[in-house]
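Numbering (the working numbering), first residue to last: 3 to 268.
Note that beta-carbon positions come from the ideal geometry of N, C-alpha and C, so glycine has one too.
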Amino acid sequence: MTVAVVSLCSTPRVAHLRAQLQALAGAPDLQRIVVWIGDDEPPLLDAETVLSVAPGPAGLRLAAARNAGAAAAPAADLLVFLDADCVPGQDLLDRYRAASKRHPEAVLCGPVTYLAEGVSASDPADLAALTSPHPARPMPPDDDERIAAAEEYALFWSLSFALTPETWRRIGGFDEAYEGYGGEDTDFAFRMRARAVPLVWVGGAHAYHQYHPTSSPPWQHLDDILRNGALFAHRWGEWPMTGWLTAFAEGGAVTKDADGWRRVTA
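Laid out in structure tokens, this is it:
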């Protein structure tokens, strides 16, 4: 089974990406595809394919970049999407391959462990002892899988997932109307649910998210979240990212009215 691993990256995450590419180096029947999403030129990277999708007027084009990455792997039997920050566990590819044979029509999601500051990801063999997946997502035993319930589709995230090209085409890829931060991955999940595409939680397909500073809620992305959230609400009749929106409201930056969430104006 030929696998293509698609990762999106810009300059702030190059060191994290290099650790991922090193972890994947030498894997059989593997094509590493990097989609450079910055407005600068990508550096020299140890990947079989490097292409660029420049930002749009509203910011980074994450949806368009994932679509471009998938299009760059016409001969792959399985597409694996990994966040540039994520190092694959030693069994990630094997578990995704095996789960795909059992669920060829499904989107597959493995658990993600967030590594603490200062933890090196230079040797994936050392990461197994640190496995502690994010508790907000289901985690079946390492030798098991579970089909998601309808209400669990909102838990899908794009840090680590896999699917066949046929399933990708059935869903239609990501919606490129989303630009900037947030919303496009939940939209993708709702599109798969609307098309009756199963979502399968795959135990043992561990990925390890390398540390970098974050803010919660992500104030720097407030306008993106409002814009993309409004687009999502228009499509699906509900707002995504409500935890962040509530936190923005508690901080006095946004409010909710009959038309949805909006910035507070003086």
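Exercise. If we count Cβ pairs, one from each stretch, closer than 8 Å, do we get three or more for the segment 86-98 versus the segment 177-197?
Worked result: no
For this session: Look at H214 and Y116 and say whether their C-beta atoms are less than 8 Å apart.
Result: It is not a contact, given that the beta carbons lie outside the stated cut-off.
Exercise. Per DSSP, what kind of secondary structure is Y180 in: helix, strand or coil?
Worked result: Coil.
Problem set entry | Cβ-based neighbour list, R172, same chain, cut-off 7 Å, excluding 5 preceding and 5 following | R197, V199
Problem set entry | Sequence ranges, alpha helix (DSSP H) only - wholly within the segment 90-157, length at least 4 | 94-104
Exercise. Across which residues does DSSP place R172 in a beta bridge pair?
Worked result: The partner list for R172 (beta bridge, DSSP) is empty, contrary to what the question assumes.
Exercise. If we count the other Cβ atoms within 10 Å of its Cβ and call it buried at 16 or more, is S160 buried or exposed?
Worked result: buried
Exercise. Do R34 and G206 have their C-beta atoms closer together than 8 Å?
Worked result: With contacts defined by Cβ atoms closer than 8 Å, R34 and G206 do not form a contacting pair.
For this session: Just mark W221 as buried or exposed, buried being the case when its beta carbon has 16 or more other beta carbons within 10 Å.
Result: So W221 counts as exposed.
Exercise. Given H223, which residues of its chain have a CB within under 8 Å of its CB, disregarding the five upstream and five downstream residues?
Worked result: G182, Y183, G184
Problem set entry | Span of the beta strand (DSSP E), counted from its first residue to its last, around G262 | 262-265
Exercise. With burial defined as no fewer than 16 other Cβ atoms inside 10 Å of the residue's Cβ, what is the status of E147: buried or exposed?
Worked result: buried
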